[in-house]
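Here the structure is laid out as structure tokens; the discussion comes afterwards.
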Amino acid sequence: MVEIDGIIYYVEYAFYNLSSEIPMDPFDSVLSAMQLQSSLFVRMRAHAPWAMSFDSGGQARLIVIAKGRGWFTQVGHPPVVVEEGDCLIIKQGVMGILGDAPDRVAVPCWQIADHVTGETMSFGGDGEACEFFSTLFTFDHAAGEPLSALLPDVVHVAMAKSDAGRMVSILEQIGKEEAQASLGGSYVVGRLLDVLFIQAIRSWASSEGNMPEGWLAGLTHRQLAQTLHRIHADLAHPWTLEQLARDVGMSRSTFAVLFKSVVGVPPLTYITTWRIYRAKLILAAGHSISAAAAQTGYGTDIALSRAFKAATGVAPGQWRRERRGVDRPVPSGDRSRPPVRHPVPADL
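Here it is as structure tokens:
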């Protein structure tokens with residue numbers, strides 16, 4: 001119970017203190033809408049010589065090195081060393097190889113899983129050991145689009161020892177929840193994944209050489225962070241360049257140049273992009289075009305439809321029909337779940 005209490009404390013600490021160092025309101029909202037869920041969790045112990053290859057297909061993969069070290073090679077890229085405490089977030093569809101050396105002949109991970117059983121999957125030779133956790137996770141890709149667009153195919157994070165220890169503890173708890181299939185376990189696993197994801201992205205964004213881009217850069221900018229918070233707190237507000245510039249004590253031209261240089265797009269383009277994103281979430285949750293128009297500041301179906309088509313190339317109704325044909329992946333073991341209306345974060 002002490003172990004679980006400690007993990008719960010860390011989860012609560014992470015959620016309630018994320019904004020104490022880096023303002024993350026839009027980040028929290030995107031993460032909530034993504035609905036992270038684990039679909040496969042394994043703990044592996046590999047002894048040299050060893051190498052496994054994988055292709056996550058339509059799912060993303062999280063790997064945390066618990067003990068030892070290894071080499072990770074993304075197909076088409078040079079190999080990199082991964083050491084104890086390192087974390088890898090690998091986007092869906094990315095092929096990679098993890099092994100004790102970069103020149104090993106790799107065995108597909110599914111073949112290893114077919115021939116190894118037990119709480120910890122052990123394989124390889126009789127040399128130096130490397131222990132790591134690997135979990136596949138699904139999420140709503142449309143909801144995750146603003147974040148996914150800013151991340152490389154592979155996010156490699158060298159965690160501080162204290163953070164790495166917490167991540168391992170949380171991963172161990174995820175493993176227990178997956179194995180026990182306890183009441184509410186799916187929800188617990190989802191929230192634990194949230195914490196892992198947040199911690200990894202924060203560490204990556206703040207590490208040397210990984211300067212944030214886009215809205216993440218705006219959230220960490222001394223002069224623009226408050227502006228982005230105001231925008232996301234009320235996307236439906238009829239924002240003007242004059243008002244935004246006045247709020248930070250700048251001229252229109254100075255503010256516009258600064259905003260575009262940091263965030264990458266002009267202020268009003270930024271607002272339109274997030275309004276369309278929010279409209280997508282509202283439509284995906286099963287609500288009407290009128291509801292989406294009212295909550296994004298467009299007022300009428302026609303106004304939203306024009307803006308939506310200009311941004312996406314299709315009308316809202318067509319987007320929703322296409323969306324229904326390619327719905328969010330459902331974690332294994334939960335294929336029979338009926339569609340539901342999901343709440344939409346109010347502060348996007």
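In this text, residue positions in the sequence shown follow full-length UniProt numbering: the first is 1, and each later residue adds one. Cβ coordinates follow ideal geometry from the N, Cα and C atoms, glycine included.
1) Which residue marks the beginning of the beta strand (DSSP E) containing residue 37, and which one marks its end?
2) DSSP three-state call for residue 159: helix, strand or coil?
3) Using only alpha-carbon positions, find the residue among 39, 141, 204 and 316 that is nearest to residue 86.
4) If you measure between the beta carbons of residue 304 and residue 274, is that distance less than 8 Å?
5) What does a CB cutoff of less than 6 Å around residue 221 pick up in its chain, not counting 5 residues either side in sequence?
6) Grouping DSSP H, G and I as helix and E and B as strand, with all else coil, what is residue 307?
7) Consult DSSP for residue 50 and reduce its assignment to one of helix, strand or coil.
8) Residue 258 to residue 232, Cα distance in whole Å?
9) From what residue to what residue does the alpha helix (DSSP H) around residue 230 run?
10) Take residue 34 and list the residues in its own chain whose beta-carbon comes closer than 7 Å to its own, dropping the five residues that flank it on each side.
11) Between residue 299 and the rest of its own chain, which residues show a CB-CB distance below 7 Å, the 5 nearest in sequence each way excluded?
12) Where DSSP assigns a beta bridge to residue 63, which residues make up the other side?
13) What does the Cβ neighbour count give for residue 105, buried or exposed, with the cut at 16 atoms within 10 Å?
14) Please name the residue in 96, 196 and 207 whose C-alpha comes closest to that of residue 153.
15) In the DSSP assignment, find the unbroken alpha helix (DSSP H) run with residue 262 in it and report its ends.
16) Please name the residue in 321, 42 and 313 whose C-alpha comes closest to that of residue 288.
17) Please name the residue in 99, 112 and 131 whose C-alpha comes closest to that of residue 80.
18) Just tell me which of 206, 42, 170 and 243 has its CA closest to the CA of residue 189.
19) Looking at the structure shown, is residue 129 part of a helix, part of a strand, or coil, going by DSSP?
From the atom records:
1) Taking the sequence shown and counting its residues from 1, the one referred to as residue 37 is at position 37. Note, residue 37: beta strand (DSSP E), 37-47.
2) As a first step, residue 159 must be located in the sequence shown, where it is residue number 159. Residue state, collapsed to three classes: coil.
3) In the sequence shown, counting from the first residue as 1, residue 86 sits at position 86. When only C-alpha atoms are compared, the closest one is 204.
4) Here residue 304 is taken as the residue at index 304 of the sequence shown, counted from 1. Here residue 274 is taken as the residue at index 274 of the sequence shown, counted from 1. No, the Cβ-Cβ distance between residue 304 and residue 274 is not below 8 Å.
5) The count along the sequence shown starts at 1 and reaches residue 221 at position 221. The answer, listed in chain order, is 262.
6) The residue labelled residue 307 in the question sits at position 307 within the sequence shown. Reduced to three states, the DSSP call for residue 307 is helix.
7) By 1-based counting over the sequence shown, the position of residue 50 is 50. DSSP, read as helix, strand or coil, puts residue 50 in coil.
8) Position 258 of the sequence shown holds residue 258. Position 232 of the sequence shown holds residue 232. Going from the Cα of residue 258 to the Cα of residue 232 covers about 19 Å.
9) Within the sequence shown, numbered from 1, the residue matching residue 230 stands at position 230. In the DSSP assignment, residue 230 falls within the unbroken alpha helix (DSSP H) covering 225-233.
10) The sequence position of residue 34 within the sequence shown is 34, counting from 1. A distance below 7 Å between beta-carbons, with the five flanking residues on each side excluded, links residue 34 to the following residues of its chain, in chain order: 139, 140, 143 and 144.
11) Position 299 of the sequence shown, counted from the start, is the residue given in the question as residue 299. Taken in chain order, the residues that qualify are 293.
12) Position 63 of the sequence shown, counting from 1, holds the residue named residue 63. Partner(s): 88 and 134.
13) As a working note, residue 105 is residue 105 in the sequence shown. Its Cβ having fewer than 16 others within 10 Å, residue 105 is exposed.
14) In the sequence shown, residue 153 corresponds to position 153, counting from 1. Nearest option by C-alpha distance: 96.
15) The residue given as residue 262 occupies position 262 in the sequence shown. Where residue 262 is concerned, the enclosing alpha helix (DSSP H) starts and stops at 252-263.
16) Position 288 of the sequence shown holds residue 288. Checking every option, the nearest Cα to that of residue 288 belongs to 321.
17) What you label residue 80 is simply residue 80 of the sequence shown in a count that begins at 1. If we check each option's Cα against that of residue 80, 99 comes out closest.
18) The sequence position of residue 189 within the sequence shown is 189, counting from 1. Out of 206, 42, 170 and 243, 170 has the C-alpha closest to the C-alpha of residue 189.
19) The residue given as residue 129 occupies position 129 in the sequence shown. Looking at residue 129 - three-state DSSP - the assignment turns out to be strand.
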